[in-house]
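In the working numbering, the protein residues as written are 88 to 292. Don't be surprised by glycine CBs; every beta carbon is placed ideally from N, CA and C. Keep in mind it's a predicted model, so treat the numbers as computed, not measured. For reference, the structure is listed below as structure tokens.
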């Protein structure tokens, strides 16, 4: 039985480096919100590898294929658009949404590439416009980047190395400062950004 709740449904995104614990915390957060709101939280992980575009992205991330940096960024963006209507529908019906990665991953990962044709920062930002905007972004911080190398599965996919993940973390910091500045200048549609150290992480609380 669905319990009616007067609270406005919220859209929360979890971001962070690879193997930092986002998926675990996203599930805990979704379960906690489901209990609070009395209905099932819509939990989505990006890239969504169940779609045709997602399958192409999975092959790219596993190193099976090479794709131009601009083209692959747009594929990641398109993958988010594939679920945009589902996100909007969930929120419209009072269900919270928790996303394990979203546009912010797209921006910082593309900008972290060292390539002759790496897209510009501003181009990456523009490509993510018009997607449903979250209310809050929770970005998980590892104690040390080198700690990630001891996590199970680290290194299995394309960007899982300490040097690249350091660039990713630096670009998350840049993005967080830009979003903070936009909110300070009166843009209240800009999501709140919060940093969470993984050693203290228990987001469901």
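Where does residue i fall in DSSP's three states?
i: residue 89; result: Note that residue 89 scores 48 on pLDDT, short of 50, meaning its location in the model is unreliable; the coordinates nonetheless yield the value given after this. Of the three classes helix, strand and coil, the one that applies to residue 89 here is coil, per DSSP.
i: residue 273; result: coil
i: residue 171; result: helix
i: residue 125; result: coil
i: residue 101; result: strand
i: residue 223; result: strand
i: residue 218; result: coil
i: residue 146; result: helix
i: residue 154; result: coil
i: residue 185; result: strand
i: residue 261; result: helix
i: residue 248; result: coil
i: residue 132; result: strand
i: residue 281; result: strand
I need the straight-line Cα distance from residue i to residue j, nearest angstrom please.
i: residue 170; j: residue 276; result: 20 Å
i: residue 285; j: residue 203; result: 34 Å
i: residue 123; j: residue 137; result: 29 Å
i: residue 258; j: residue 95; result: 31 Å
i: residue 179; j: residue 172; result: 10 Å
i: residue 101; j: residue 278; result: 12 Å
i: residue 230; j: residue 212; result: 28 Å
i: residue 209; j: residue 215; result: 10 Å
Assuming the contact rule is C-beta atoms closer than 8 Å, residue i and residue j should be a hit. Round their C-beta distance to whole Å, please.
i: residue 156; j: residue 104; result: At roughly 20 Å, the Cβ-Cβ gap does not stay under 8 Å, so residue 156 and residue 104 are not in contact.
i: residue 141; j: residue 245; result: Not a contact, Cβ separation roughly 15 Å.
i: residue 218; j: residue 199; result: Contact doesn't hold; Cβ gap of about 20 Å is too wide.
i: residue 185; j: residue 113; result: 5 Å
i: residue 196; j: residue 255; result: 6 Å
i: residue 162; j: residue 143; result: 6 Å
Here's the rule: buried if 16 or more other CB atoms are within 10 angstroms of the residue's CB, otherwise exposed. What is residue i?
i: residue 176; result: exposed
i: residue 262; result: buried
i: residue 194; result: buried
i: residue 132; result: buried
i: residue 228; result: buried
i: residue 158; result: exposed
i: residue 117; result: buried
i: residue 135; result: buried
i: residue 109; result: buried
i: residue 250; result: exposed
i: residue 192; result: buried
Leaving aside the five residues before and after residue i along the sequence, list all residues of the same chain whose C-beta is less than 6 Å from its C-beta, in chain order.
i: residue 120; result: 128 and 183
i: residue 181; result: 96
i: residue 165; result: 140
i: residue 154; result: 147
i: residue 270; result: 277
i: residue 283; result: 225 and 227
Excluding the five sequence neighbours on either side, which residues of its own chain have a C-beta within less than 8 Å of the C-beta of residue i, listed in chain order?
i: residue 281; result: 223, 224, 225 and 226
i: residue 174; result: 98, 129, 131, 184, 186 and 219
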